[in-house]
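Structure, as structure tokens:
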RNA sequence: UCCUCAGUAGCUCAACGGUAGAGCAACCGGCUGUUAACCGGUAGGUUGUAGGUUCGAAUCCUACCUGAGGAGCCA
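Residue numbers (the working numbering): 47 to 509.
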């Protein structure tokens with residue numbers, strides 16, 4: 047038996063023409079008439095289906111013609127070139143065997159479904175064209191990110207998922223506990239007694255691996271994390287999920303410009319690599335999801351990203367010929383409408399905005415000499431908004447300590463973070479990339495729930 | 001958490017105060033090369049839930065549930 051994957055047949059068609067092969071897969075659709083029938087078979091290895099032709103000469107012809115969608119079959123037959131047809135090759139079946147039956151009420155019909163409906167059948171949606179393409183991109187893009195950093199000598203760090211510090215201050219966290227919620231131990235002042243909890247203290251799921259990545263950057267120079275991240279925000283938007291993946295590079299001896307250079311190179315690398323690996327998938331996105339996708343991605347690969355300071359951005363917004371719902375003033379945080387205007391109208395390509403007012407940014411960002419801004423950078427992209435957020439970190443012990451005090455954080459939580467500054471704490475920088483937001487940007491899919499296999503959002507943890 | 005919109009057949013939708021319909025899917029039959037195949041037929045409903053207004057409610061009102069879009073928070 048010459049068992050072959052559908053991807054091989056498409057990629058090396060000439061080699062297989064005339065050969066007898068066996069393929070195994072699931073029926074995506076089936077059309078049958080009195081004497082001849084057609085099956086589009088998908089074996090999971092490739093975005094496209096392989097057409098199987100079966101004729102009345104086959105003893106189980108009638109039975110095969112009635113098989114419901116998603117029946118698993120094994121087909122043996124000749125590979126034949128079909129220059130006049132849509133597809134380059136097809137298989138003239140000699141035998142077709144049923145490997146696993148399906149049923150007529152299979153919920154994925156051979157027609158267009160809404161994304162909302164497909165979310166309700168997340169266990170079956172990977173079998174649809176769109177999700178087949180999305181999750182292949184997800185896999186290849188993740189590999190491309192690893193490749194980019196590994197080729198440049200970055201160390202892959204596994205930062206902890208359970209964390210004892212609320213250090214990042216990046217929103218609501220998920221509590222992790224083994225305490226009996228029906229019978230919580232109390233202290234004398236009637237507070238919950240976390241000393242009796244598993245770790246002897248309050249712990250949560252991590253909202254960022256950054257602080258731990260800094261530990262490793264100051265030992266290995268260039269490092270990155272790539273791991274799940276958890277936010278318990280009650281967000282109902284197309285861009286937020288409770289569980290998502292974040293990639294966080296951290297580089298010693300690097301300033302904010304080095305940081306942006308890496309971010310820009312990284313994005314261009316991921317796009318080029320993934321486009322090259324998955325041309326069929328991107329052709330599909332370009333045709334059915336977003337007609338301008340390929341042109342836009344190509345533009346990102348070729349163009350230099352814009353770089354402006356926050357102060358310049360405010361000036362651009364102030365003289366913009368349009369009314370914003372939120373009035374523009376120096377010191378405010380940029381609203382979604384402002385970010386969109388900058389990336390979609392002014393630059394029409396990714397733009398780094400740098401040097402934000404320190405009061406609207408995190409405590410660990412390095413203070414600039416002007417005393418009122420920090421060396422932060424956000425990368426804004428059309429359609430998605432903030433794709434990357436990063437900064438040069440405050441490496442000066444006294445300034446960092448002062449900032450922690452100003453924010454009224456508990457100094458005890460930061461003893462090791464401060465100590466990193468004491469022993470050779472050189473300048474260093476890093477950023478966080480929301481992996482799903484990258485996928486949205488790459489595929490044109492506009493809802494984060496549709497680029498995650500089993501999305502977790504408020505009130506939703508099925509599958 | 002706030003604002004807006006939507007829940008009608010398995011799916012996508014129509015009916016907008018007066019007898020709930022269509023396309024697709026399913027089922028039965030036909031068709032010698034199809035490409036979301038095509039042609040004919042059959043079956044399929046407590047209109048999201050609970051109240052209310054009305055002679056009469058899918059349609060109007062109230063509450064709740066679910067989903068979507070936008071905002072905030074952020075990646």
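Each residue gets a CB set at the ideal place from its N, CA and C atoms; glycine is no exception.
Segment limits, beta strand (DSSP E) that includes residue i
i	result
residue 119	118 to 127
residue 401	397 to 403
residue 298	289 to 298
residue 268	268 to 276
residue 229	Residue 229 -> no beta strand (DSSP E), and no H or E assigned at all.
residue 354	352 to 355
residue 484	Taken as a continuous stretch (DSSP letters only), residue 484 belongs to no beta strand (DSSP E), being part of the alpha helix (DSSP H) at 481 to 489.
residue 146	135 to 146
residue 218	Note, residue 218: premise wrong, no beta strand (DSSP E); not H, not E.
residue 433	431 to 438
residue 445	Element bounds for residue 445: not the beta strand (DSSP E) but the alpha helix (DSSP H), 443 to 452.
residue 251	249 to 251
Boundaries of the alpha helix (DSSP H) in which residue i is found, first to last residue
i	result
residue 163	161 to 166
residue 320	302 to 323
residue 52	52 to 57
residue 467	461 to 468
residue 331	No alpha helix (DSSP H) contains residue 331, which DSSP labels as neither H nor E.
residue 107	107 to 110
residue 383	382 to 386
Where residue i falls: helix, strand or coil (DSSP)
i	result
residue 418	coil
residue 413	strand
residue 340	helix
residue 88	strand
residue 426	strand
residue 100	strand
residue 375	coil
residue 66	strand
residue 192	helix
residue 241	helix
residue 49	strand
residue 208	strand
residue 174	coil
residue 158	coil
residue 74	strand
residue 549	Because residue 549 is not part of the residues shown, which for the chain are 47 to 509, the question remains open.
residue 264	helix
Beta-carbon contacts of residue i that lie in its chain and below 7 Å, excluding the five residues immediately before and after
i	result
residue 413	404, 420, 440, 445
residue 222	208, 249, 250, 251
Distance between residue j and residue i (C-alpha atoms, nearest Å)
i	j	result
residue 456	residue 449	12 Å
residue 232	residue 224	15 Å
residue 157	residue 309	40 Å
residue 352	residue 161	34 Å
residue 388	residue 89	44 Å
residue 173	residue 236	53 Å
residue 77	residue 110	10 Å
residue 437	residue 50	49 Å
residue 249	residue 255	15 Å
residue 71	residue 204	37 Å
residue 83	residue 332	31 Å
residue 303	residue 391	25 Å
residue 386	residue 350	19 Å
residue 53	residue 373	54 Å
residue 433	residue 492	14 Å
residue 74	residue 151	14 Å
residue 478	residue 185	19 Å
residue 149	residue 335	30 Å
residue 316	residue 272	15 Å
residue 178	residue 114	20 Å
residue 384	residue 499	31 Å
residue 314	residue 397	14 Å
residue 183	residue 460	39 Å
Cβ neighbours of residue i in the same chain (closer than 8 Å, five flanking residues each side left out)
i	result
residue 153	167, 170
residue 378	372, 406
residue 345	395
Cβ-based neighbour list, residue i, same chain, cut-off 6 Å, excluding 5 preceding and 5 following
i	result
residue 462	none
residue 101	82
Is the number of C-beta pairs between the stretch 115 to 122 and the stretch 135 to 148 that are closer than 8 Å three or more?
A contact exists between the stretch 115 to 122 and the stretch 135 to 148.
Should the stretch 321 to 337 be called in touch with the stretch 194 to 202, which here means at least 3 C-beta pairs below 8 Å?
Contact annotation: the stretch 321 to 337 does not touch the stretch 194 to 202, with fewer than three C-beta pairs closer than 8 Å.
Hey, is the stretch 280 to 295 in contact with the stretch 228 to 242, meaning 3+ C-beta pairs nearer than 8 Å?
At 8 Å Cβ cutoff, the stretches do not touch.
How about the stretch 361 to 373 and the stretch 339 to 348: do they share at least three Cβ pairs that are nearer than 8 Å?
As far as the Cβ criterion goes, the stretch 361 to 373 does not touch the stretch 339 to 348, which means the pair count is below three.
I want to know whether the stretch 451 to 467 touches the stretch 272 to 283 - three or more CB-CB distances under 8 Å.
Judged by Cβ distances under 8 Å, the stretch 451 to 467 makes no contact with the stretch 272 to 283, as fewer than three pairs qualify.
Is the number of C-beta pairs between the stretch 198 to 209 and the stretch 98 to 115 that are closer than 8 Å three or more?
Here the stretch 198 to 209 does not lie against the stretch 98 to 115, with fewer than 3 beta-carbon pairs under 8 Å apart.
Are three or more beta carbon pairs between the stretch 254 to 271 and the stretch 485 to 492 nearer than 8 Å?
Two segments are said to touch when three or more pairs of C-beta atoms, one from each, lie closer than 8 Å; by this definition the stretch 254 to 271 does not touch the stretch 485 to 492.
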